[in-house]
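Engineer:
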Amino acid sequence: MPPTIETARLMLRSLSRADFEPYYDAVLSQRAVMYWLSASGEPRSREESLATWARLTSPQRDPRDRFWAVVNRASGELLGHVVLQRLDKGDLIEVGYALGEKHWGAGFATEASRAVVEFGFATTDLEMIVGIARPSNSASRRVLEKTGLQYAGMRRYYDVDVAYYELHRAAHEAALTAQGQASKR
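The numbering used here runs 68 ahead of the 1-based position in the sequence shown.
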């Protein structure tokens, strides 16, 4: 179970079974969101979503896969999720996110992604965190770039061609050092 992480506007906490209905309504049932998330581009049925949800909230899932609910601290509203998980069940760890459409464009995905990337590097020996986005999803690609990941070409994961991004620990630490020096000025 991942620890709770707080940012300026968000609380990132463990997903619970009680989160299913608000998450389904905000993300899984929304055509605009699922267009980017599923290979079919279609919303998922409630039954299919319940089966996926049971796996995500199971205590038996792989401990390398960490899923957080993204909650607005001011309103308590569940906005979506952010993850650090094995990319396509492989050895690479990816940062991923999905928010309800009404929360797009407010910087929440970037804020949540930055927090879990920082958590990943601070609490593990990971040397790299990756991210993927559909090539035409310019908003998601911007989130990855604002999180510090660098474009590294096209790849194929989850049976889909994706834009592939990487952030190496050394580059992350150098960016943090530069930010710290800039804030001292």
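For every residue, glycine included, the Cβ atom is placed at its ideal position computed from N, Cα and C.
(1) At the level of alpha carbons, what is the spacing between Ala-119 and Phe-88?
(2) Kindly identify the DSSP beta-bridge partner or partners of Phe-135.
(3) Give the DSSP bridge partners of Met-79, in chain order.
(4) With H, G and I counted as helix, E and B as strand and the rest as coil, what does DSSP make of Asp-156?
(5) In whole angstroms, what is the alpha-carbon distance linking Ser-181 and Thr-215?
(6) Does the count of Cβ pairs from the region 183-192 and the region 219-227 closer than 8 Å reach three?
(7) Taking DSSP as the reference, what is the three-state secondary structure of Met-196?
(8) Between Ala-201 and Leu-105, is the Cβ-Cβ spacing less than 8 Å?
(9) May I have a chain-ordered list of the alpha helix (DSSP H) segments no shorter than 4 residues that lie completely inside the region 84-118?
(10) How would you write the range of the beta strand (DSSP E) that Glu-169 sits in, first residue to last?
(11) Taking Leu-212 as part of the alpha helix (DSSP H), name the residues at either end of that continuous run.
(12) Give me the residue from Leu-124, Thr-72, Gln-98 with the minimum Cα distance to Ala-86.
(13) May I ask you to report which of helix, strand or coil DSSP gives Arg-237?
Structural biologist: From the atom records:
(1) 11 Å
(2) Val-151
(3) Glu-74, Val-139
(4) helix
(5) 6 Å
(6) no
(7) strand
(8) no
(9) 88-91, 99-105
(10) Unbroken run through Glu-169: none, as it is neither H nor E.
(11) 206-214
(12) Leu-124
(13) helix
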